[in-house]
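Read the structure below first, then the notes.
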Amino acid sequence: MRNISHLKGGVIIALLNILIFITLGKPWSITSGESHFVANIENFVSNTHVSSNLYFQKYIPETNWRVILDFGIIAGAFLGAIAGRDFKIRIPQNRWRFLQVFIGGLLMGFGARLAYGCNIGHIMSGVPQLAISSFIALISIAGGAYIGAKIIVRLI
Numbered sequence: 001m002r003n004i005s006h007l008k009g010g011v012i013i014a015l016l017n018i019l020i021f022i023t024l025g026k027p028w029s030i031t032s033g034e035s036h037f038v039a040n041i042e043n044f045v046s047n048t049h050v051s052s053n054l055y056f057q058k059y060i061p062e063t064n065w066r067v068i069l070d071f072g073i074i075a076g077a078f079l080g081a082i083a084g085r086d087f088k089i090r091i092p093q094n095r096w097r098f099l100q101v102f103i104g105g106l107l108m109g110f111g112a113r114l115a116y117g118c119n120i121g122h123i124m125s126g127v128p129q130l131a132i133s134s135f136i137a138l139i140s141i142a143g144g145a146y147i148g149a150k151i152i153v154r155l156i
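The numbering of the sequence shown is the numbering used here, which starts it at 1 and goes up by one.
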């Protein structure tokens, strides 16, 4: 499968961002969809807990379009891997890697909630709106990615 250039990819993502904002009236984000999904599951399991939880109250009762977008991203990545003949179930040889991935995922999720949004929300939506919090998040994400890359190089 042929790769597209970074410039073309950036233009496509920017056009999708504009399309989402125009059609849905809200900026592109990822983690709020996950919050809607979890809130709906929690509401199904324990309605009283969700109704008393201030965090979940803003995500109930509707299923948000962002939930569908999140599942679409996963499906698109899967179909892209199949189309590119790159799909393979890989199990790390080093069991320590599972703990590293688990801790990394927890830190990313915590950071997304702490920053009140994920990298997509801040970079694709907040920066174009010139939100200072998104510029702070962008600098923090870039710094964290740099430090994380240095750590990964040492671990590999």
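Ideal Cβ placement from N, Cα and C applies to all residues, glycine included.
As the structure is a prediction and not an experimental result, all values here were calculated from the model.
- Within the stretch 76-137, the alpha helix (DSSP H) runs of at least 4 residues that lie entirely inside it are, in chain order, 96-114.
- Contact annotation: the stretch 103-118 touches the stretch 15-31, with at least three C-beta pairs closer than 8 angstroms.
- Taking all protein chains in view, the Cβ of S35 is crowded by 16 or more other Cβ atoms within 10 Å, so the residue is classified as buried.
- The stretch 116-125 makes contact with the stretch 19-29; the number of CB pairs closer than 8 angstroms reaches 3 or more.
- In the same chain as E42, and ignoring 5 residues on each side of it, the C-beta atoms closer than 7 angstroms to its own belong to H49, V50, F56, in chain order.
- According to the DSSP assignment, Y55 belongs to the alpha helix (DSSP H) that extends over 54-57.
- Taking every protein chain shown into account, the CB of D70 has 16 or more other CB atoms within 10 angstroms, so this residue is buried.
- Around the beta-carbon of S133, fewer than 16 other beta-carbon atoms lie within 10 Å, marking it exposed.
- Around the CB of Y59, 16 or more other CB atoms lie within 10 Å, so the residue is classed as buried.
- The continuous alpha helix (DSSP H) containing N40 extends over residues 31-45.
- Boundaries of the alpha helix (DSSP H) around I18: 6-24.
- In this model, A131 and I120 are separated by some 14 angstroms (Cα to Cα).
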